[in-house]
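S.K.: Below is a structure I'd like to ask you about.
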Amino acid sequence: MTGQPSETINQTLGDARLQLAIYSATNRLMTHRAGAVRADLLPDYQELRTEANQLKKHTIEHLDHYLELFEKNVIAHGGKVVYCSDSQEVADFVLGLAKERGAHLIVKSKSMTTEEIHFNERLEKHGLEAVETDLGEYILQLAHQRPYHIVAPALHLTRYDVAEIFSKNLGVENEVVIEKQTKIARAALREKFLHADIGVTGANFLVADSGAVVVVENEGNARLTTSAPKIHITVAGIEKLIPRAQDLGVFLTLLGRSATGQPLTVYTSFLSGPRRNGEIDGPDEFYVVLLDNGRTKLLADPEKRQSLYCIRCGACLNHCPVYRKIGGHNYPWVYSGPIGAIITPQFHGVLKDPWLPFASSLCGACAEVCPVKIEIPKLLLKLRSEVTDAQRRQGVGGVERLAFGIWAWVMTHPRIYLMLARIGGIFLPLLPKVGPLGKWASQREVPKLAKTSFHQWWKAREVPK
Amino acid sequence: MVESARGAQVNSREVVLGNVRKALDRAAGLLPTTLTAPRLKIPILDRGRYTTLFGQNFEKLGGKSFFVREPREVAPILSELLQGKRAVASNAPFLAACGITGLPQVQSGFTDREALRAACVTADVGITSADYALAETGTLVMLSSPEEPRLISLLPPVHIAVFPQSRMLANLDELLAVLPNPAEQTSSMVLITGPSRTADIEQILVRGVHGPGEIYAVIV
Amino acid sequence: MGEEKGNVKWQMNQKCATIGFHANPGSKAVKTRVSLFVTCIVDQVFPQVGIAMTQVLERLGYPVDFPAAQTCCGQPAFNSGYPEEAGIVARHFLNTFRDSEYIVVPSGSCASMIVHHYTDIFANEQKTLEQARSIAPRVWEFSRFLIEVAGVEDVGASFDGVVTYHDSCHSLREMHIKEGPRRLLSKVQGLTLREMEPAEECCGFGGTFSVKFPEVSGGMARTKIESILKTEAGTVVSVDSSCLMQIQGAIDRARLPIRTMHLAEVLAGR
Chain A
1 MTGQPSETIN
11 QTLGDARLQL
21 AIYSATNRLM
31 THRAGAVRAD
41 LLPDYQELRT
51 EANQLKKHTI
61 EHLDHYLELF
71 EKNVIAHGGK
81 VVYCSDSQEV
91 ADFVLGLAKE
101 RGAHLIVKSK
111 SMTTEEIHFN
121 ERLEKHGLEA
131 VETDLGEYIL
141 QLAHQRPYHI
151 VAPALHLTRY
161 DVAEIFSKNL
171 GVENEVVIEK
181 QTKIARAALR
191 EKFLHADIGV
201 TGANFLVADS
211 GAVVVVENEG
221 NARLTTSAPK
231 IHITVAGIEK
241 LIPRAQDLGV
251 FLTLLGRSAT
261 GQPLTVYTSF
271 LSGPRRNGEI
281 DGPDEFYVVL
291 LDNGRTKLLA
301 DPEKRQSLYC
311 IRCGACLNHC
321 PVYRKIGGHN
331 YPWVYSGPIG
341 AIITPQFHGV
351 LKDPWLPFAS
361 SLCGACAEVC
371 PVKIEIPKLL
381 LKLRSEVTDA
391 QRRQGVGGVE
401 RLAFGIWAWV
411 MTHPRIYLML
421 ARIGGIFLPL
431 LPKVGPLGKW
441 ASQREVPKLA
451 KTSFHQWWKA
461 REVPK
Chain B
466 MVESARGAQV
476 NSREVVLGNV
486 RKALDRAAGL
496 LPTTLTAPRL
506 KIPILDRGRY
516 TTLFGQNFEK
526 LGGKSFFVRE
536 PREVAPILSE
546 LLQGKRAVAS
556 NAPFLAACGI
566 TGLPQVQSGF
576 TDREALRAAC
586 VTADVGITSA
596 DYALAETGTL
606 VMLSSPEEPR
616 LISLLPPVHI
626 AVFPQSRMLA
636 NLDELLAVLP
646 NPAEQTSSMV
656 LITGPSRTAD
666 IEQILVRGVH
676 GPGEIYAVIV
Chain C
686 MGEEKGNVKW
696 QMNQKCATIG
706 FHANPGSKAV
716 KTRVSLFVTC
726 IVDQVFPQVG
736 IAMTQVLERL
746 GYPVDFPAAQ
756 TCCGQPAFNS
766 GYPEEAGIVA
776 RHFLNTFRDS
786 EYIVVPSGSC
796 ASMIVHHYTD
806 IFANEQKTLE
816 QARSIAPRVW
826 EFSRFLIEVA
836 GVEDVGASFD
846 GVVTYHDSCH
856 SLREMHIKEG
866 PRRLLSKVQG
876 LTLREMEPAE
886 ECCGFGGTFS
896 VKFPEVSGGM
906 ARTKIESILK
916 TEAGTVVSVD
926 SSCLMQIQGA
936 IDRARLPIRT
946 MHLAEVLAGR
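Protein chains in written order, with the numbering used here: chain A, 1 to 465; chain B, 466 to 685; chain C, 686 to 955.
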């Protein structure tokens, strides 16, 4: 296991305040979800999951068709669709448009896709100001941090951290009352909304039959981002497609409940094109950037392509006992938790962070709560074997492979097994190779081998009395 | 290689679609397999109960609802709510029919973007109608139109929606059955379920972060 | 040597069955032979679990045999990213238990490996795949065997004290074993079952995960123990010895007066 961030992981494990913050936040989100999918409130929860899975499967397997249908309908409503292969192209497009329109200030609502491509940094390099407007994201932008969680980006920060970040960056008094901190952010961001030239959002869904972008949120910042500036740009991964507006009945029912336990989030915006004839407000220009950025690599594997079904509810993070220990920043990419552990290796190649698919006890809690039924443990297992294969091709990891080879040989030779077993040897080939026994024993008492194995007990029992 | 100079001309349409088709092993123009009919579940409820149900759910979210029998009963309620406040009302005919636009605190009849925005920035209250309301979730459904701009329900710290009982639907699925393709009707459909809120700092719920922190529904 | 003995036993059981003999004079019908797969961890570290399981099954009138060539199901390699090596061991399992009618396993995790993952390993080997498919319905996790095959909930056990039940992940989520063990425990005389909150959270073992990420795994075990402590139960029961090993290891490190017991051990108690 090379490149494993054990030092920062241990820092997180040893930080009692942080552990408490992660635990209480994820506990609360879990409790809210459990309350919202209860059988008496949502009796057809399991059928909805199956339906969501089938709809995503269908869409992903016919993605080219739905992309073109979506594009056709966006154009029909007066919008434009821009396909981008990578982050550079997104930056080029936005910069080019900003230049043509003389735009300087961009307001943004929460979007994991733009986090993925370091959108803000790229634009800032060219003198544009891009401001995050979701409260959590705004705090993180001021603190130069990346999101800790897909849904609750600043869950690792306390009111005292926020007070420090605000007073340092906004020149306000040290304010530790959360309501007042929220008001400070509201006032600062209201100014930005009213002067912004461009609003950039992500998308929760792209609706093919309507050419519409669906954005869900609680604060109202996405509504402001899409209503106040004259230009609205959506940046979304190509996997966000769903076939029909009517399919939102399934997806919206699952998304809010899985994420925060809300039957519907406060605001659900269904946006199709720029303002129409006679409308007093709304954007004059409407663009949808459809981003590949490696997604077509995931698409090529018939089994692993289900990773693209993800609707970014964050439930797998909340329910993951590993995420709940190591938090969001120990994962190598913006997508953390179980979903991060399966998509990061597919985007970046399995050898970039080979430890990642192994950082799971395979408890399966993630798959149990996934609203679109992604088989996360199964994909982790597949990725583990891809890691060992890739390492073999690279000529590394040979010691562990050899150890398992010997182990398998022992396990298929019962006499050797029985002989070695008595000296504790059956686990010996494995232990020192997959990790130092000392480290394992640092956490627990090592069990002792029994004096008599079951094999021996049975053999003794069989001797006629 | 795309260069910044090409700017807004960037479009890797053929590349991306080509990669998608290659990954899926599909030829251009292939139609998908047929999809099963959308799953919409509309409960059979006594329509008379929708208003009560809506009220309960709306108030659970932190809103306050009023139910009146006649349009003329609306203005007194609004006068009460608007005491000492300045309001902007949309151009929805139903608001005029309820006598709201005639109230002294209420500005209405905007047709210019900048004027509307300036009024909304300083107003204490935004008054709109609602195209639909969903009983099961206490949701207001707003379709933007020349009569019903977006900012009135968004910029002022208080939002009041006044609408006839006939707009009440059971749930999201019924809305999607009534409006199978909302894009044909409007450039923007917004579902509002409770006051603007956040829990981004220590998971503590705070209302009114960017949108209105107080919402009222008056059902006629 | 061991294999021969196993075969003798097998033949004896067959013979007993055909002439109407059975181990338990109280039972009404001749019962089918069951084969124990005790798993490598029970064999080497917790043989008392296998012994208890044997006792319970024999008391219920089941002729029990123990195919002596058995070793491991292959899960350690499979979960570590070595499906080929796991396949070698899995094939050995398939051969060893080829003729068994009921294969009873004191582990939901090992049972799940055989039932669910062998078909993944052998997806491209038609003949072995058939073998894996044919063995899957014959593999029974111990508590499920008692409830669904033996049709018993009360095995006549007694136990003095308060226990809490840990849902081991693979039993719960892959094998859907949740109510069965609780029903069996509820019928044990003198036993009080007090649920921990949450009972369904992982103990942190995860096989080689606990070796590759010892600190994270240890942290998960400590969280589990906090939940256990809140119940004030003196005993933690589960249907997987590997989880119990993890929990016991952390309990001992914290020097707490709590013990872990496999369900079979509780049910064998009189």
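Beta carbons: idealized from backbone N, C-alpha and C, even for Gly. Keep in mind that this is a model prediction, so the values were computed, not measured.
Roughly how far, in whole angstroms, is the beta-carbon of C:E770 from the beta-carbon of A:F404, given that I think they are within contact range, below 8 Å?
M.R.: In the third sequence, counting from the first residue as 1, residue 770 of chain C sits at position 85. In the first sequence, counting from the first residue as 1, residue 404 of chain A sits at position 404. Going by Cβ atoms, the distance from C:E770 to A:F404 rounds to 4 Å, so yes, they are a contact pair.
S.K.: Answer with yes or no whether the minimum CB distance from B:E613 to chain A is below 7 Å.
M.R.: Here residue 613 of chain B corresponds to residue number 148 of the second sequence, with the count starting at 1. No, its Cβ sits nowhere closer than 7 Å to a Cβ of chain A.
S.K.: Which of the three DSSP states is assigned to A:R324 in this structure?
M.R.: On the first sequence, residue 324 of chain A is found 324 positions in, with the first residue counted as 1. Looking at A:R324 - three-state DSSP - the assignment turns out to be helix.
S.K.: Span of the beta strand (DSSP E) holding A:H329?
M.R.: Stepping through the first sequence from its first residue, residue 329 of chain A is reached at position 329. From DSSP, A:H329 is part of no beta strand (DSSP E); its letter is neither H nor E.
S.K.: Check B:R662 in the structure and name its three-state DSSP category.
M.R.: In the second sequence, residue 662 of chain B corresponds to position 197, counting from 1. Here B:R662 sits in strand by DSSP.
S.K.: Mind checking whether B:A557 and B:E649 have CB atoms under 7 Å apart?
M.R.: Taking the first residue of the second sequence as position 1, residue 557 of chain B is located at position 92. Taking the first residue of the second sequence as position 1, residue 649 of chain B is located at position 184. The answer is no: Cβ separation not under 7 Å.
S.K.: Please state whether the Cβ-Cβ distance between C:E886 and A:P447 is less than 7 Å.
M.R.: On the third sequence, residue 886 of chain C is found 201 positions in, with the first residue counted as 1. On the first sequence, residue 447 of chain A is found 447 positions in, with the first residue counted as 1. Cβ atoms of C:E886 and A:P447: not closer than 7 Å.
S.K.: Using a Cβ-Cβ cutoff of less than 8 Å, which residues in the same chain neighbour B:L568 once the five nearest sequence positions on both sides are dropped?
M.R.: Along the second sequence, one-based indexing puts residue 568 of chain B at 103. Closer than 8 Å at the Cβ level, and outside the excluded window around B:L568, lie A540, L543, S544, L547 and A552.
S.K.: Report yes or no: is there a C-beta of chain A within less than 7 Å of the C-beta of C:C887?
M.R.: To locate residue 887 of chain C, count along the third sequence from 1; it is residue 202. Cβ-Cβ to chain A under 7 Å: yes for C:C887.
S.K.: Give me the chain A residues within the contact set of C:H956, using Cβ-Cβ distance strictly less than 7 Å, ordered along the chain.
M.R.: Limits of chain C in this structure are 686 at one end and 955 at the other, which puts residue 956 of chain C out of reach.
S.K.: So, with DSSP's three-state summary, where would you put A:Q4?
M.R.: Locating residue 4 of chain A in the first sequence gives position 4, where the first residue counts as 1. Coil, per DSSP.
S.K.: What in chain B is Cβ-close to A:N221, meaning under 7 Å?
M.R.: Position 221 of the first sequence, counted from the first residue, corresponds to residue 221 of chain A. The contacting residues are H675.
S.K.: How many Å lie between A:L189 and B:V671 at the Cα?
M.R.: The residue labelled residue 189 of chain A in the question sits at position 189 within the first sequence. The residue labelled residue 671 of chain B in the question sits at position 206 within the second sequence. Distance between the alpha carbons of A:L189 and B:V671: 16 Å.
S.K.: Helix, strand or coil for B:S530, going by three-state DSSP, please let me know.
M.R.: Working through the second sequence from its first residue, we reach residue 530 of chain B at position 65. B:S530 falls in the strand class under three-state DSSP.
S.K.: Please classify A:A34: does DSSP put it in a helix, a strand, or coil?
M.R.: In the first sequence, residue 34 of chain A corresponds to position 34, counting from 1. Reduced to three states, the DSSP call for A:A34 is helix.
S.K.: Just the Cα atoms here: how many angstroms apart are B:S618 and B:L656?
M.R.: By one-based count along the second sequence, residue 618 of chain B stands at place 153. By one-based count along the second sequence, residue 656 of chain B stands at place 191. Taking the straight line joining both Cα atoms gives about 11 Å.
S.K.: Less than 7 Å between the C-beta atoms of A:V298 and A:S307, yes or no?
M.R.: Residue numbering aside, residue 298 of chain A sits at position 298 when the first sequence is read from its first letter. Residue numbering aside, residue 307 of chain A sits at position 307 when the first sequence is read from its first letter. One detail in the question is off: residue 298 of chain A reads as Leu in this sequence, not Val. A contact, by the Cβ cut-off of 7 Å.
S.K.: Quick one: which chain C residues come within Cβ less than 7 Å of A:K325?
M.R.: Reading the first sequence from its first residue, position 325 is the one you call residue 325 of chain A. Residues of chain C passing the Cβ test: V901, G904 and M905.
S.K.: Sort out for me which residues DSSP pairs A:K108 with in a bridge.
M.R.: Numbered from 1 along the first sequence, position 108 holds the residue referred to as residue 108 of chain A. Answer is A:E132 and A:V200.
S.K.: Please classify C:A762: does DSSP put it in a helix, a strand, or coil?
M.R.: Taking the third sequence and counting its residues from 1, one reaches residue 762 of chain C at position 77. Reduced to three states, the DSSP call for C:A762 is helix.
S.K.: Taking 7 Å as the limit between beta carbons, can you name the residues of its chain near C:A762, skipping five residues before and five after?
M.R.: Mapped onto the third sequence, residue 762 of chain C falls at position 77. Closer than 7 Å at the Cβ level, and outside the excluded window around C:A762, lie E770, A771 and V774.
S.K.: Going by C-alpha to C-alpha distance, which of B:N646, B:A635, B:G483 and B:I666 sits closest to A:Y160?
M.R.: As a working mapping, residue 160 of chain A is identified with position 160 in the first sequence. A:Y160 has its Cα closest to that of B:I666, out of B:N646, B:A635, B:G483 and B:I666.
S.K.: Taking 7 Å as the threshold (C-beta atoms), are C:L831 and C:V789 in contact?
M.R.: Within the third sequence, numbered from 1, the residue matching residue 789 of chain C stands at position 104. Within the third sequence, numbered from 1, the residue matching residue 831 of chain C stands at position 146. Against a cut-off of 7 Å, the Cβ pair of C:L831 and C:V789 comes out as no contact.
S.K.: Select from B:R537, B:N476 and B:H624 the residue whose C-alpha is nearest the C-alpha of A:D92.
M.R.: For the purposes of this step, residue 92 of chain A is identified with residue 92 of the first sequence, where counting begins at 1. If we check each option's Cα against that of A:D92, B:N476 comes out closest.
S.K.: What is the DSSP secondary structure of C:S923, reduced to helix, strand or coil?
M.R.: As a first step, residue 923 of chain C is located in the third sequence; it is residue number 238 there, counting from the start. The answer is strand: DSSP assigns C:S923 an E or B state.
S.K.: Contact defined as beta carbons within less than 8 Å: I believe A:L271 pairs with A:V235. What is the distance between those atoms, to the nearest angstrom?
M.R.: Start at 1 with the first residue of the first sequence, and residue 271 of chain A comes out as number 271. Start at 1 with the first residue of the first sequence, and residue 235 of chain A comes out as number 235. At roughly 14 Å, the Cβ-Cβ gap does not stay under 8 Å, so A:L271 and A:V235 are not in contact.
S.K.: Any idea which residues DSSP pairs A:I505 with across the strands?
M.R.: Lying before the first or after the last residue shown, residue 505 of chain A is absent from chain A, which here runs from 1 to 465.
S.K.: From C:G865, C:A953 and C:L914, pick the residue whose C-alpha is nearest to that of C:R940; which is it?
M.R.: As a first step, residue 940 of chain C is located in the third sequence; it is residue number 255 there, counting from the start. Comparing Cα-Cα distances from C:R940 to each of C:G865, C:A953 and C:L914, the minimum goes to C:L914.
S.K.: State yes or no: is the C-beta of B:P508 within less than 7 Å of the C-beta of B:V685?
M.R.: Looking up residue 508 of chain B in the second sequence gives position 43. Looking up residue 685 of chain B in the second sequence gives position 220. Not a contact, by the Cβ cut-off of 7 Å.
S.K.: When burial is assigned at 16 or more other CB atoms within 10 Å of the CB, is C:K909 buried or exposed?
M.R.: Residue 909 of chain C sits at position 224 when you count from the first residue of the third sequence. So C:K909 counts as buried.
S.K.: So what's B:S653 in DSSP terms, helix, strand or just coil?
M.R.: Numbered from its first residue, the second sequence carries residue 653 of chain B at position 188. B:S653: strand per DSSP, three-state reduction.
S.K.: Assuming A:L252 contacts A:T268 under a Cβ cut-off of 8 Å, what Cβ separation, rounded to an integer in Å, is found between them?
M.R.: Position 252 of the first sequence, counting from 1, holds the residue named residue 252 of chain A. Position 268 of the first sequence, counting from 1, holds the residue named residue 268 of chain A. Yes, they are in contact, since the Cβ atoms of A:L252 and A:T268 sit about 6 Å apart, within 8 Å.
S.K.: Is any beta-carbon of chain B found at less than 7 Å from that of A:A203?
M.R.: As a first step, residue 203 of chain A is located in the first sequence; it is residue number 203 there, counting from the start. So, not an interface residue.
S.K.: Output the distance between the C-alpha atoms of C:T703 and C:V719, rounded to the nearest integer angstrom.
M.R.: As a first step, residue 703 of chain C is located in the third sequence; it is residue number 18 there, counting from the start. As a first step, residue 719 of chain C is located in the third sequence; it is residue number 34 there, counting from the start. Here the model assigns C:T703 a pLDDT of 36, short of 50, so the residue's position is not dependable, and the following value carries that caveat. Distance between the alpha carbons of C:T703 and C:V719: 15 Å.
S.K.: In the DSSP assignment, find the alpha helix (DSSP H) that holds A:K183 and state where it starts and stops.
M.R.: Locating residue 183 of chain A in the first sequence gives position 183, where the first residue counts as 1. I178 to H195 is the extent of the alpha helix (DSSP H) around A:K183.
S.K.: Would you mind sorting A:E173 into buried or exposed? The rule is 16 or more other CB atoms within 10 Å of its CB.
M.R.: Position 173 of the first sequence, counted from the first residue, corresponds to residue 173 of chain A. With fewer than 16 other Cβ atoms within 10 Å, it is exposed.
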